[in-house]
Amino acid sequence: MDSIRGLPLLSGPPPHSEDSEYCRKCNKEFNRLFNKAKRCNHCGYQYCGSCCNHSALMPRIGVYNGFDPVDVCSYCIEVLKVTAMGRASLRAMPLTHLKAYLSAYGLRGPPHAVEKEDYVRAVLDARQSNGCLPRANEDYYRRHSIPQPSGERPKGFLARMAESFSEFVDSLPQPDSSNHPPPPPVPPRHTTPRPPPRTTANHPPPAPPPRPQPTPGPSSSRPTPQQTQSNPPRQPNPPPPPPSAQKPTPQAPPIDELLAMKPEETSALSIGVLKAILHHHHVRIPQDALEKRDLVDRVVTLVEAARAEKEREARARAAEEEAELEAQRQALEEIERKKKAAAQKDDAGTSGEQTPQEDGK
């Protein structure tokens, strides 16, 4: 409980504001892994972890009384500290700071101020009984005193990784078609002429040539019948070879599985899996990363960053749970104390009634 002493007080939860994709102060883009959004509990806008790393006390709403530490941004912590200051601390502040504080909340300064004490009195008089400013002045501060984000938005970690990877792909040498001669023309295919169709029974065979007159001699010449030759049947084309089975694209294991791996298990992953992990998390692979060791080092760095982020979230949750348990313990102690006080009061009343009765006897 010592860590929450001296924190400024809040009047209550801020009004709801729309979610944003960028930090209100530094304009960095939010993402779930490296730059989560945090909402300020005074102005209600969203900031990154670096711009919303201060704390203030929020009153509990419900049965249990008390306060809980909540997040506030770098803008609001400065004015909340002034709201929590006493008279001596306000007197030690520069006069320009007091005027800026009054202007931020729309408070009117003293019309005929002669001394610095007049501005100190104006700051103290503006506070309510709970030590906070009226709701109207806080709404004025939220509408008019929170600076607007700048026009240029710095790129987040993932956006820079994606841009670097795109530049790496664009820098790869592209094949130049002008330096290569065109391919030779494809020679025409030679087709074998088909043989004439065979004669069928519907068409009469051609008339035989006239038989020559017999001449004396040992033999007579005979005409040789015309023989038809048939071509052998064409062999069917062989079936094309089956396409080679393509290897499946390596899939990146989930981040929880990577966190559970040991360094030697990470080193045992294949090059394809290592590249898939880096591509999945938008981590740039340098052009000179020719060895597997370079890929392993980048994956190990990515896993360590994710592990640190997960441990930070676990510590934050543990701190919140511890604060909640401490608040419950204090509430139970307060209830027990009230019960004991009520019991003692009842006992005192009972003994007081018995004393007059004894005196009467």
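For the sequence shown, counting from 1, position 281 maps to 281 in UniProt numbering; every step adds exactly one. Ideal Cβ placement from N, Cα and C applies to all residues, glycine included.
Local Cβ density within 10 Å of residue i, reported as buried at 16 or more and exposed below that
i	result
Ser230	Any answer about Ser230 is weak, because its pLDDT of 48 lies below 50 and its placement is not dependable; what the coordinates show is given next. Classification of Ser230: exposed, given that the 10 Å Cβ count is below 16.
Gln328	exposed
Arg298	buried
Glu138	buried
Leu278	buried
Thr96	exposed
Thr228	Because the pLDDT of Thr228 is 45, which lies under 50, any placement of that residue in the model is unreliable, and the question is left without a value.
Asp347	exposed
Pro94	exposed
Gly217	At Gly217, the pLDDT of 47 sits below 50, so the modelled position is not reliable and the matter cannot be decided from this model.
Ala37	buried
Pro147	exposed
Gln226	Because Gln226 carries a pLDDT of 48, less than 50, the predicted location of this residue cannot be relied on, and the following value inherits that uncertainty. Exposed.
Thr249	exposed
His112	exposed
Arg317	exposed
His54	buried
Thr350	exposed
His281	buried
Arg307	exposed
His16	exposed
residue 376	Outside the displayed span of the chain (1 to 361) sits residue 376, for which this structure offers no information.
Lys292	exposed
Lys338	exposed
Arg143	exposed
Arg39	buried
Gly6	exposed
Distance CB(residue i)-CB(residue j) smaller than 8 Å
i	j	result
Cys51	Cys23	yes
Leu133	Tyr101	no
Ala122	Gly109	yes
Ser150	Asn27	yes
Lys275	Leu295	yes
Val273	Leu302	no
Gly66	Gln330	yes
Pro263	Val300	yes
Glu29	Glu21	yes
8 Å contact criterion, which residue i and residue j should meet: CB distance rounded
i	j	result
Leu98	Pro8	That pair is no contact at about 17 Å.
Ala56	Leu124	Ala56 to Leu124, Cβ: 20 Å. No contact.
residue 372	Glu304	This structure leaves residue 372 out entirely; the chain is present only between 1 and 361.
Ala323	Pro69	7 Å
Gly131	Pro59	Not a contact, Cβ separation roughly 11 Å.
Those residues which DSSP pairs with residue i across a bridge
i	result
Ile54	The sequence as given places His at residue 54; Ile does not occur at that position. Paired residue(s): Val72.
residue 367	No answer is possible for residue 367: the residues shown for the chain start at 1 and end at 361.
Leu9	Leu57
Glu29	Tyr22
Any chain D beta carbon closer than 8 Å to residue i
i	result
Ala104	Given the protein chain composition of this structure (a single chain), no chain D is represented.
Handout entry: Stretch-stretch touch, CB-based, cutoff 8 Å, three pairs: the segment 56-75 with the segment 336-355
Key = no
Problem - the segment 25-43 / the segment 82-90 touching (three or more Cβ pairs under 8 Å) - result: no
Handout entry: Touch test, the segment 309-319 against the segment 267-278, Cβ-Cβ under 8 Å, three pairs minimum
Key = no
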